[in-house]
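Residue numbers (our numbering): 3 to 130.
Written out as structure tokens, the structure reads:
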């Protein structure tokens with residue numbers, strides 16, 4: 003499972019939290035993008051907003067630029083080869099050790115924003 007949300011400290015911060023299954027799924031899809039097998043990948047997830055979660059989709063595209071766009075329950079990430087390589091590295095490390103370090107992933111430009119949006123990776127809290 004994956005859940006993404008903005009904040010809580012700034013609208014220029016986006017966090018994507020993963021459990022092991024969600025991290026493995028995204029790792030596989032990003033690896034395909036990096037290998038050139040595909041140019042676009044889609045991942046089902048949840049978007050959390052003000053304590054309420056809804057089904058959402060993350061679309062990741064191979065690109066020259068790093069930018070993000072959000073529309074309702076749809077997150078678009080255009081990722082450069084460097085960003086893709088680092089994401090694959092971060093997810094592989096998470097799958098091996100169970101946590102992200104550092105949690106800061108990458109900065110993405112966002113239309114209409116003065117500052118870049120910093121994306122963080124995190125671990126979903128365990129239930130039970």
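A virtual CB, placed ideally from N, CA and C, is assigned to each residue, including glycine.
If you draw a 10 Å sphere on the C-beta of residue 103, you find fewer than 16 other C-beta atoms in it, and that means exposed.
Bridge pairing for residue 15: 120 [DSSP].
One thing to note: residue 89 has its Cβ within 7 Å of the Cβ of residue 32.
A check of alpha carbon separations from residue 106 across 58, 98, 123 identifies 123 as the nearest. With a contact defined as Cβ atoms closer than 8 Å, residue 68 and residue 111 qualify at about 7 Å. Taking all protein chains shown into account, residue 87 has fewer than 16 neighbouring C-beta atoms within 10 Å of its C-beta and is therefore exposed.
Annotation for residue 55: the continuous beta strand (DSSP E) segment containing it runs 54-64. The criterion of a C-beta distance shorter than 7 Å is satisfied by residue 93 and residue 25. Its chain contains 63 as the residues whose beta carbon lies nearer than 6 Å to that of residue 42, once the 5 sequence neighbours on both sides are disregarded; these appear in chain order. A straight-line Cα-Cα distance of about 15 Å links residue 29 and residue 99. The Cβ atoms of residue 8 and residue 18 lie no closer than 7 Å to each other.
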